[in-house]
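With numbering that gives the first Met the number 0, the residue at position 33 of the sequence shown is 32, and numbering never jumps.
All C-beta atoms in this analysis are idealised placements derived from N, C-alpha and C, irrespective of residue type, glycine included.
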Amino acid sequence: MSRLEDMSEVLRDMCEGETEAFDRFYARYAPLVMQVALRTLGERMEAEDVCHDVFLEVLRRGKDYNPGRGSLEAWLAVMTRSRCLDRLRRAKRIAEKGKQLGQDTASSGRSSEEIALRHLELEELNEALKKLPRNQRNAVAYSYYSPHTQKELSDAWNVPLGTVKSWVRYGLNNMRKHLERRGSERTTGVEEGRR
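Structural data, given as structure tokens:
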């Protein structure tokens, strides 16, 4: 049995839900996916997110892989690069919308202070998300910012659906607590400054 056939079988087993096959496939190909993503995006956290997205997609579309059309490495590299380019295009659209938002500020009646506060709120949300344990962070992020359902996530991560839902609930709760603490720190700082 050739190495290509061997990894094709591992892919098939992985798509059928075998955890050991996923571990083997991930150990073999995660460095490649990460390298392509990091080279394309230039940011480690973004590359890690793409890596997770690619392996979720492999779980969904792995049965469609055709060894006659190319190697697994090429298939994964193309898939990774496509996800990276999607992210870059999305980031560009967001930046352009932000630029237009800035231009529309005067005509929309929104002050620059309102826009600045909105940006601060988004930064605080992002910081609260980063403080979560990895399982909660991934569950919240994928539930709200990816096209995957919680059921798909539970299948991909090989955990019960209730576990994913709990991670999301605990994650949102922990984010709320973090934001409340941050809010009281700011309020306390303002009150102390007034004295």
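### Task
Identify the continuous alpha helix (DSSP H) that holds S153 and give its terminal residues.
Q149 to W156
#### Entry: Where Y144 falls: helix, strand or coil (DSSP)
If DSSP states are grouped into helix, strand and coil, Y144 belongs with the helices.
### Message
Taking 8 angstroms as the threshold (C-beta atoms), are V9 and R23 in contact?
### Response
With a cutoff of 8 angstroms on beta-carbon distance, R23 and V9 are scored as near each other.
### Task
Check whether the Cβ atoms of E245 and L178 lie closer than 8 angstroms to each other.
The question about residue 245 has no answer here: the residues shown for the chain are numbered 0 through 194.
### Query
Roughly how many whole angstroms lie between the Cα atoms of G41 and E47?
11 angstroms
### Message
In whole angstroms, give me the CA-to-CA distance for R11 and E19.
### Response
Looking at the two C-alpha atoms, the distance is approximately 12 angstroms.
#### Entry: alpha helix (DSSP H) runs wholly inside the region 7 to 66, at least 4 long, in chain order
18 to 40 and 43 to 60
#### Entry: Whole-angstrom distance between Y143 and R133, CA atom to CA atom
15 angstroms
### Query
Roughly how many angstroms separate the alpha carbons of R89 and R82, rounded to a whole number?
Rounded to the nearest angstrom, the two C-alpha atoms are 10 angstroms apart.
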